[in-house]
């Protein structure tokens, strides 16, 4: 009588969902230990987000302060004391605005007229003030603000209206404008002009502080202005400020560019660029330390988990679990622990950064790379930290695992 053929048994292949369920089983059955394990990685990732977010918010505040010092502003004007004097073309504003990196430009021109508070005062006493014809874009180009009233615009350009610089308003005795009341008047040349606005102090443009600003068209109509600008203000993208400075003279006065002088970029620009470089290096160093701390914590947790669960490993191996399944179980558990800790750490880090930035009055800045990199980094750290413990667990034979319990 022939014996029945012996059939070889193939190991059961676990689906991905089964591997995930087994990996999460160890977490769900040891919730307190899992919480403590995830806490280690969450602290590391929260530290990563905080040490990048808080310095980034502080840096944003610093850069805003430096930008307010005119890091992207230039001023161009004809070289003085030339005979005959250099006259910039009337089309200067349009020519400058066509330069690619320029974000804002404005022109002013000395009308060579005197301003007086009354027509009964000395006609030769202009109180040391200058009457300037101005384009409507001046405030944006010099980071200026209106203290009271409004600035020149298309609706007032053709009318006898003026805006006073901060110093000019003080010297003329006009400190405020009351809505609904008749605006105060100043006498320029032989014409009365209504004051429609007063500017805030502007340390970046002291000449404008001591000026009485008249609309470009109104200056032509009432003050016999010839239309040639005397100063051009330019605001450009910071990374291109040197290039804009190089082409401004030829753009404004192509026949003799050397007769146009352009201010050099503010020293604050160099300080701003230096701070950006230093902060970037700081971010990388702190982020690396935070991830290293989190990775060591997960690796230590997984090594202890293998030692504690040798009996479980032995029973599973005795019941037919393959080394690959054991390895997958522990590796999945390590990644899950790191993922949960990374998610919690990211949320904690974001909330802590937002709260501290608001408390300090800084613009809140959460680097997207820190948020995404924190969570992804936690998963990568989980894989690296769980790889060796999972391999060590898979190498245990059933007899070794059961004998050690």
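Residue numbers (the working numbering): 92 to 496. We put the CB at the ideal spot given by N, CA and C, even for glycine. Values in this document were obtained by computation on a predicted structure and should not be read as measured data.
For residue i, the three-state DSSP class (helix, strand or coil)
i, result
"residue 174", "coil"
"residue 354", "coil"
"residue 243", "coil"
"residue 194", "strand"
"residue 344", "coil"
"residue 201", "strand"
"residue 312", "helix"
"residue 169", "strand"
"residue 183", "helix"
"residue 207", "strand"
"residue 122", "helix"
"residue 233", "coil"
"residue 222", "strand"
"residue 284", "strand"
"residue 268", "coil"
"residue 456", "coil"
"residue 295", "coil"
"residue 302", "strand"
"residue 412", "coil"
"residue 319", "coil"
Proximity below 9 Å, CB of residue i to CB of residue j
i, j, result
"residue 140", "residue 342", "no"
"residue 245", "residue 231", "no"
"residue 478", "residue 128", "no"
"residue 411", "residue 136", "no"
"residue 243", "residue 222", "no"
"residue 151", "residue 453", "yes"
"residue 264", "residue 208", "yes"
"residue 315", "residue 247", "no"
"residue 326", "residue 195", "yes"
"residue 218", "residue 260", "no"
"residue 262", "residue 304", "no"
Classification of residue i by the beta-carbon crowding that lies within 10 angstroms, buried from 16 upward
i, result
"residue 450", "exposed"
"residue 306", "buried"
"residue 302", "buried"
"residue 300", "buried"
"residue 415", "exposed"
"residue 418", "buried"
"residue 467", "exposed"
"residue 191", "exposed"
"residue 122", "exposed"
"residue 446", "exposed"
"residue 251", "buried"
"residue 395", "exposed"
"residue 131", "buried"
"residue 337", "exposed"
"residue 420", "buried"
"residue 138", "buried"
"residue 383", "exposed"
"residue 339", "buried"
"residue 442", "exposed"
Beta-carbon contacts of residue i that lie in its chain and below 6 Å, excluding the five residues immediately before and after
i, result
"residue 229", "197"
"residue 170", "350 and 352"
"residue 354", "165 and 166"
"residue 293", "235, 299 and 300"
"residue 202", "222, 224, 310, 314 and 316"
Own chain, CB closer than 8 Å to residue i, minus 5 neighbours either side, in chain order
i, result
"residue 291", "235, 236, 237, 238 and 257"
"residue 181", "318, 319 and 320"
"residue 276", "283, 284, 285 and 286"
"residue 312", "249"
"residue 322", "166, 167, 168, 198, 199, 200 and 298"
"residue 486", "414"
"residue 177", "169, 170, 344, 347, 350 and 351"
"residue 148", "444, 447, 448, 451, 453, 454, 455 and 456"
"residue 173", "350"
"residue 216", "205 and 207"
Beta-carbon separation (whole angstroms), residue i vs residue j, contact threshold 8 Å
i, j, result
"residue 224", "residue 199", "7 Å"
"residue 278", "residue 213", "In fact, because the Cβ distance is near 12 Å, the residues do not count as touching under 8 Å."
"residue 425", "residue 469", "Their Cβ separation, rounded to whole angstroms, is 11 Å, which puts residue 425 and residue 469 out of contact at 8 Å."
"residue 134", "residue 436", "7 Å"
"residue 455", "residue 463", "About 17 Å separates the two Cβ atoms, so there is no contact after all."
"residue 459", "residue 143", "The Cβ separation is near 11 Å, so there is no contact."
"residue 344", "residue 179", "6 Å"
"residue 465", "residue 433", "6 Å"
"residue 471", "residue 335", "So it is not a contact: roughly 44 Å between Cβ atoms."
Contacts around residue i, its chain only, beta-carbon distance under 7 Å, and the 5 residues preceding and following it disregarded
i, result
"residue 274", "268, 285, 286 and 287"
"residue 241", "287 and 288"
"residue 183", "198, 320, 323 and 343"
"residue 272", "none"
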